[in-house]
């Protein structure tokens, strides 16, 4: 037996594979980084001091104040959450606490079906059915409703996961004291899942803010308005980008890209916070 | 002499009576249960309504003009009636197919790094976290990004669309694949190592085949999501009306883009086409999702 | 019940007796040592210790494995016998933070020298695990996996290797008609014999076995023990077992390990107590701890 026999020769293929795998993983960081850098550079000229303070947006005059759109994005997202939260929570509680075992799987499929339908189809339905046929018109409210339908599956499925980590012993303790089912839920399930539920809602919020197409179709594309009136037509950052891009000239495009960067920053921030909250709550409840 | 019948005290009678008593607690319980059921209905209603509209209006035009819907080109003047979503269907297939070819291998490799090489080291933790964050990037942002790095240099093309969708799919594939790799028992890897197999070979010949059904399922779900995306394609693919099978040259179109464009139109002919395209798109995504679920079911069966 | 196996003289399997008187002891020692031929050394462990991070799991391992013999590691649970076994084919490499100190030499070469490739080591020193772990592939592909990795592509060659390995593992007759079926459809005992066939298909020099029968019923166990005796002529076998009767039945030499409580941090470190010809270990052990273990006073 010589040392040379044990040396081994095929290191190259093994190391090449590893390098490939590292590179693929690193792509994630590369893409995110490139998005941040390249888009901010392009958008820089539009980030004048007026960008976040002015409410006037006019391509012709090359004045770009993004405030109404930021408002619109947040407002429709809030409306969507207000509608979606109780419904999602109700469905999640139903599936985990009330539904008999044979009903659980079909219910999960039901909510998943909602998630599979592409957003543009929801937008189409929203425009031609909800707003025209039912006369709701294009407004913050209509957009909020459509967004609510779209984010319900996410919030429901995440809430379901969090709720299911409630230790059965806590639930049984409540029941053994003679609590009704709702009292048991209130006493053990909800306090236990609170953190994770907050995270789930925030993830839904992030999704609602970033949703482009459905919003673009039904929000109304109004300019320069910051109102609280939900029935008024409005606008949101992604909707503006989608609707105005086709005919935009260079400075206009820069402003739209600036909107995209703003949107990127806001949604990333919300998603970061939400992911941290959810991960931390899952870790805590599994360790408990 | 009659014995006095046994009289229960009121307290005893109450203790022995186990029937449910009406109280505000039970009422509240029933109310909340009712609300939960109502929320289920609230979810079912829009689902049924949307599907109903899509099927009702879309089927009419798609099946009345059966072959032409798939083969004719899109009327350039949108006022004109007539089916013809052929180019859009081709476009969707091209763009989604291209995105899958890019994102799935890269995503699997990335997940392999995360689970088999990186483990819990700093890079792996960072990439994992950022991948989750990346799934939340709005599709319009991704579209504009691809516009800046590809469309400006090379013009509209199906490839640009594929690139944008691949960026959206990548983190999803990475996440799903890593979950599947975690499920492969370490004893399988050890058995391969003990036979003198290198790590890369073990991964390719033992670990990945063992995790394959789950990986396929995750990839298919990512594909279904990508097929329905609109915003990124607006900036990368353009709006062609004719069939374009070339991946790298000239504008193309897709079902989602057409739906968006026609939804805004005030011509019923265009709107009809939008419904028919919506029906096609919904069917496509449903079928892909169904196949993905079948793979998951087969995986569960094996265990 | 040990079948005599030329050229090895049989190891006695009488039930552990109380230590004989001193003169008798010397007689037994000389007789036993004379009966076991001194085959060349395959492994030589000098002061081997294994660390997981800063925790010392095993210390004081000094032993030599002889070719074409069955060496058994016995001892109570946690004594480090599996840890030492795994250090012989560099399986600790896959555990982050694991470190082997001292010298493990294989035919005179330091196994842990930086130029030595773990992959090459494992092609020569195979391992069979406690719980059978066939790949989720067909029986044929399981056996052919190793040869394929080594570059054998020719179908007829692979067929020959598969048949030879399955015959050596006493499995051929049972599965020859269903080679393409999944390996997962076999019984536990069959799966373990498959794993043995898979290991010997790459023609290693040494086969390490980590409690190979602990997940099996007595009949399957007996078949594997019989297999071990047949394989001894072609391979060197090192087996870890918690069943000392098994060690007494099949092995030529036995190493007894035990745990010591580390006074510094109250954790247990394994250590080698005694290593000798099997018949001597079980009839006239030198160390009191060995005697206590084999007579069942502890462990």
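Protein chains in written order, with my numbering: chain A, 93 to 380; chain B, 42 to 344; chain C, 19 to 317. Glycine included, each C-beta is placed from N, C-alpha and C at the ideal position.
Ordered list of alpha helix (DSSP H) runs contained in the region 243–268 of chain C, each at least 4 residues: 262–268
What do you get for residue 194 of chain A, buried or exposed, if any count of 16 or more other CB atoms within 10 angstroms of its CB means buried? Counting C-beta atoms within 10 angstroms of its own C-beta, residue 194 of chain A has fewer than 16 neighbours from the protein chains shown and is therefore classed as exposed.
What in chain A is Cβ-close to residue 127 of chain C, meaning under 9 Å? 93, 94, 95, 97 and 98
Between which two residues does the alpha helix (DSSP H) harbouring residue 171 of chain B extend? 163–175
Does residue 62 of chain B pass the burial test, meaning 16 or more other C-beta atoms within 10 Å, or should it be called exposed? exposed
Just mark residue 244 of chain A as buried or exposed, buried being the case when its beta carbon has 16 or more other beta carbons within 10 Å. buried
For residue 181 of chain A, the nearest candidate out of A/279, A/136 and A/293 (CA to CA): A/293
Does the CB of residue 356 of chain A have a neighbour CB from chain B at under 8 Å? By this cut-off, residue 356 of chain A is an interface position.
Looking at the secondary structure, which residues open and close the beta strand (DSSP E) in which residue 157 of chain A lies? Note, residue 157 of chain A: premise wrong, no beta strand (DSSP E); not H, not E.
Which of the three DSSP states is assigned to residue 60 of chain C in this structure? strand
Can you find a CB in chain A that lies within less than 8 Å of the CB of residue 53 of chain B? Not one chain A Cβ lies under 8 Å of residue 53 of chain B.
Helix, strand or coil, according to DSSP, for residue 156 of chain B in the structure here? helix
Which whole-angstrom value describes the C-beta separation of residue 249 of chain C and residue 186 of chain C, a residue pair presumed to lie in contact below a C-beta threshold of 8 Å? 7 Å
Can you give me the Cβ contacts of residue 292 of chain C inside the same chain, cut-off strictly under 7 Å, excluding the 5 residues immediately before and after it? 274, 299, 303, 304, 305 and 308
Answer yes or no: does any C-beta atom of chain A fall closer than 8 Å to that of residue 128 of chain B? no
Of the choices A/264, A/236 and A/200, whose alpha-carbon is the least far from that of residue 277 of chain A? A/264
For the alpha helix (DSSP H) containing residue 201 of chain A, list its first residue and its last residue. 193–208
Rounded straight-line distance, which links the Cα of residue 150 of chain A to that of residue 192 of chain B: 26 Å
Near residue 314 of chain C, which residues of its chain fall below 7 Å by C-beta distance, leaving aside the five closest residues on each side in sequence? none
Selection from B/231, B/255 and B/180 that minimises the alpha carbon distance to residue 110 of chain C: B/231
Closer than 7 Å, Cβ to Cβ, to anything on chain B: give me those residues from the region 238–256 of chain C, in chain order. none
Inter-residue Cα distance where the pair is residue 235 of chain C and residue 153 of chain C: Their Cα atoms are separated by approximately 22 Å.
Quick check on DSSP: helix, strand or coil for residue 230 of chain A? The three-state secondary structure of residue 230 of chain A, taken from DSSP, is coil.
Count the other C-beta atoms from every protein chain shown that fall within 10 angstroms of the C-beta of residue 67 of chain A, then say buried if there are 16 or more, exposed otherwise. Nothing about residue 67 of chain A can be read from this structure; chain A reaches only from 93 to 380.
Please report the straight-line C-alpha distance between residue 260 of chain A and residue 266 of chain A, rounded to a whole angstrom. 10 Å
Using a Cβ distance threshold of 8 Å, determine whether the region 333–346 of chain A contacts the region 360–371 of chain A, with at least three qualifying pairs required. no
Is residue 135 of chain C close to chain D, meaning its C-beta is less than 8 Å from at least one C-beta of that chain? Absence of chain D from the displayed structure is noted, the protein chains being A, B and C.
Contact set between the region 232–256 of chain B and chain C, restricted to residues whose Cβ is under 8 Å from the partner: 232, 233, 234, 235, 236, 237, 238, 239, 242, 246, 247, 250 and 251
What is the residue span of the beta strand (DSSP E) that residue 75 of chain C lies within? 73–84
In the region 229–258 of chain B, which residue ranges form an unbroken alpha helix (DSSP H) of at least 4 residues, counting only runs that do not cross its ends? Scanning the region 229–258 of chain B from its first residue to its last, the whole alpha helix (DSSP H) runs of 4-plus residues come out as 240–243.
Between the region 198–218 of chain C and chain B, which residues of the former have a C-beta closer than 8 Å to a C-beta of the latter? 213, 216 and 217
Near residue 331 of chain A, what residues of its chain come up, given a Cβ to Cβ distance below 6 Å and the 5 sequence neighbours on each side ignored? 307, 308 and 311
Residue 145 of chain C lies in the beta strand (DSSP E); which residues open and close that run? Here the beta strand (DSSP E) through residue 145 of chain C covers 143–146.
Where do the ends of the beta strand (DSSP E) carrying residue 211 of chain C lie? From DSSP, residue 211 of chain C is part of no beta strand (DSSP E) but of the alpha helix (DSSP H) over 206–218.
Would you tell me roughly how many angstroms separate the C-alpha atoms of residue 133 of chain A and residue 286 of chain B, rounded to the nearest one? 34 Å
Using a Cβ-Cβ distance under 8 Å, would residue 167 of chain C count as near chain B? yes
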